[in-house]
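Worksheet: one structure, shown below.
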Amino acid sequence: MPEDKNETQPKKQYRRRRRQSKSQKQRERQSSSGQQTDSKNIATSVVVPLYNEDASIPELSEELKSVLGGMGMPYEIIFVDDGSTDTSFKVLRGLHKNNKRIKVIRLRKNFGKSAALSLGFQQASGDIVITLDADLQDDPSEIPNLVKELKKGYDVVSGWKKRRRDPITKTIPSKLFNYTVRLVTGIKIHDFNCGLKAYRKEVIKRIKVYGELHRFIPVLAHWQGFSIGELVVKHRRRKYGKTKFGITRFMKGFLDFITVLFTTRFAARPLHLFGTIGLVSFFTGFFIDAYLTIQWFLGNITLSNRPLLLAGFLLIIVGVQFFAIGLLGEMISRGQNMDDEYSVRDILD
Ligand code: UDP
Ligand code: MG
870 MPEDKNETQP KKQYRRRRRQ SKSQKQRERQ SSSGQQTDSK NIATSVVVPL YNEDASIPEL
930 SEELKSVLGG MGMPYEIIFV DDGSTDTSFK VLRGLHKNNK RIKVIRLRKN FGKSAALSLG
990 FQQASGDIVI TLDADLQDDP SEIPNLVKEL KKGYDVVSGW KKRRRDPITK TIPSKLFNYT
1050 VRLVTGIKIH DFNCGLKAYR KEVIKRIKVY GELHRFIPVL AHWQGFSIGE LVVKHRRRKY
1110 GKTKFGITRF MKGFLDFITV LFTTRFAARP LHLFGTIGLV SFFTGFFIDA YLTIQWFLGN
1170 ITLSNRPLLL AGFLLIIVGV QFFAIGLLGE MISRGQNMDD EYSVRDILD
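Every number in the numbering used here is 869 more than the matching position in the sequence shown, counting from 1.
Shown next as structure tokens:
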């Protein structure tokens, strides 16, 4: 019996080799006919996250093909189906079959726009990466303009939906959101969450977009030292389907902002944040109580009817606690290797 096995094995291997070489030949043929995209030659990757957008996809794909074709350079379009429950994937499969420049990634379930973008970024092989929403609200004809702006020397160019075609319930909170983020981060752009953006490859391979942090990509990029530009882009009304983000988006947006601030600014130096709060609280309490104690010594007051004394104690205790949290944070961050957090531009060796 064992001899039998030995006899059959080489045959199997041979068959496998033949199969491999056949598919290799097929690949070569396809690439020479220009059908198959060769990762080295791709200049632009377009990443489209989508969730239940079957009605919009065919039109979007036609628009993208005509715009990208007109730019006269090799491209790929990566659709990331974020666990759609409609026929989006079927539509995408059809598109992929007819055009090998169209790639499709399908998630097992709906993980959210950030996850979809992140996976698209991993797969993208172009030197320039464009993102846009799948719902036809972002106009593909803006892509050449974004690329032109990027080539002026920016690492990221973010679209600005100056004339926004959305209901007022979305536009007003969004203005407030953008204003706050602009004020706190000092990044001078007006529309952080615009779906239409252009990136140099280094940026998307560098930043980590998870949770719902897609709203803060310019902030994440800025903190890595990348330069951010902005360009006014056309915005269109949603033609099919409805928005995938409810009113909770703004609450979540502000909570995520705290996460972003913390992870970009203070993750390496937690004592700078907690220590500052702690010291301010401690010394305020200390001076209040010192003042009351002196007054008491001088016989001007009795302490029993001064609730301020308790406020002073509270501030001192809270101050010490904040400081201690900061120190604990320092110990934790010291234990972590932060090398990966620093973004290197060049190495001359
Ligand atoms: N999207 C996604 N996963 C989600 C929610 C949305 O991939 O869980 C996609 C959606 O299909 C669209 C883009 O993200 O292509 C923007 O979503 P939407 O148009 O609903 O957002 P809005 O324009 O209302 O801000
Ligand atoms: Mg939309």
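Ideal Cβ placement from N, Cα and C applies to all residues, glycine included.
Beyond the five residues adjoining it in sequence on each side, Met940 comes within less than 8 Å, by CB distance, of Thr913, Ile1012, Pro1013 and Val1016 in the same chain, given in chain order. Judged by pairs of C-beta atoms under 8 Å, the region 1150 to 1162 touches the region 1181 to 1189, as three or more such pairs exist. Within the region 1002 to 1055, the runs of alpha helix (DSSP H) that reach at least 4 residues and sit entirely inside it are, in chain order, 1012 to 1019 and 1037 to 1054.
The distance from the Cβ of Asp951 to that of Leu976 is about 5 Å, consistent with a contact at the 8 Å cut-off. Ile1073 sits close to Phe990, with the two beta carbons spaced by under 7 Å. By the Cβ-count criterion, Asp1208 is exposed, with fewer than 16 other Cβ atoms from all chains shown falling within 10 Å of its own Cβ.
The secondary-structure analysis by DSSP pairs Gly1098 across a beta bridge with Val1026. Note: Thr913 is bridge-paired with Tyr944 and Ile997 in the DSSP secondary-structure output. Taking the CA atoms as reference points, Thr1133 sits about 6 Å from Trp1092. By the Cβ criterion, the region 964 to 974 is in contact with the region 935 to 949, since at least three pairs of Cβ atoms, one from each stretch, lie closer than 8 Å.
Counting along the chain, the unbroken beta strand (DSSP E) around Val973 starts and ends at Ile971 to Arg975. Contact between Leu1019 and Ala1067 holds, with the beta-carbon distance rounding to 5 Å and staying under 8 Å. Here DSSP, grouped into helix, strand and coil, assigns Tyr1068 to strand. The C-beta distance from Gly1064 to Ser925 rounds to 13 Å, too long to fall under 8 Å, and the pair is not in contact. In the DSSP assignment, Asn921 falls outside any alpha helix (DSSP H) and carries neither an H nor an E.
Note on Arg1069: 16 or more other CB atoms within 10 angstroms of its CB, so buried under the neighbour-count rule. At least one heavy atom of the ligand UDP is found less than 6 Å from the C-beta of Gly981. With contacts defined by Cβ atoms closer than 7 Å, Lys1031 and Val1101 form a contacting pair. Restricting attention to Leu1179, Lys1021, Leu1172 and Glu932, the CA atom closest to the CA of Ser1096 is found in Lys1021. DSSP places Val1129 within a helical segment (H, G or I) once states are collapsed to three. For Lys934, the enclosing alpha helix (DSSP H) begins and ends at Ile926 to Gly939. In the structure shown, the three-state DSSP call for Val949 is strand. Under the three-state reduction of DSSP output, His1141 falls in the helix class.
For Ala984, the enclosing alpha helix (DSSP H) has its first and last residue at Lys982 to Gln992.
Taking Ser957 as the centre and dropping the five residues before and after it, the same chain places the C-beta of Leu919, Asn921, Glu922, Asp923, Ile926 and Asp950 closer than 7 Å to its C-beta, in chain order.
Contact annotation: the region 1198 to 1215 does not touch the region 1161 to 1169, with fewer than three C-beta pairs closer than 8 Å.
Relative to the non-hydrogen atoms of the ligand MG, the Cβ of Asp1004 comes within a distance shorter than 6 Å of at least one. Assignment of His1059 by DSSP, reduced to helix, strand and coil, places it in the coil class. Pairing Phe1192 with Gly1144 gives a Cβ-Cβ distance under 7 Å.
Its chain contains Val916 and Lys1066 as the residues whose beta carbon lies nearer than 6 Å to that of Thr1000, once the 5 sequence neighbours on both sides are disregarded; these appear in chain order. Annotation for His1059: Trp1029, Lys1031, Asn1047, Arg1051 and Glu1099 place their beta carbon closer than 8 Å to its own, counting only its chain and skipping 5 residues before and after. Leu1089 counts as buried, since at least 16 other C-beta atoms from the protein chains shown sit within 10 angstroms of its C-beta.
Residue Asp1008 holds the alpha-carbon nearest to the alpha-carbon of Glu932 among Asp1008, Val960, Lys1103 and Arg1203. Taking the C-beta atoms as reference points, Gly1195 is found nearer than 7 Å to Leu1140.
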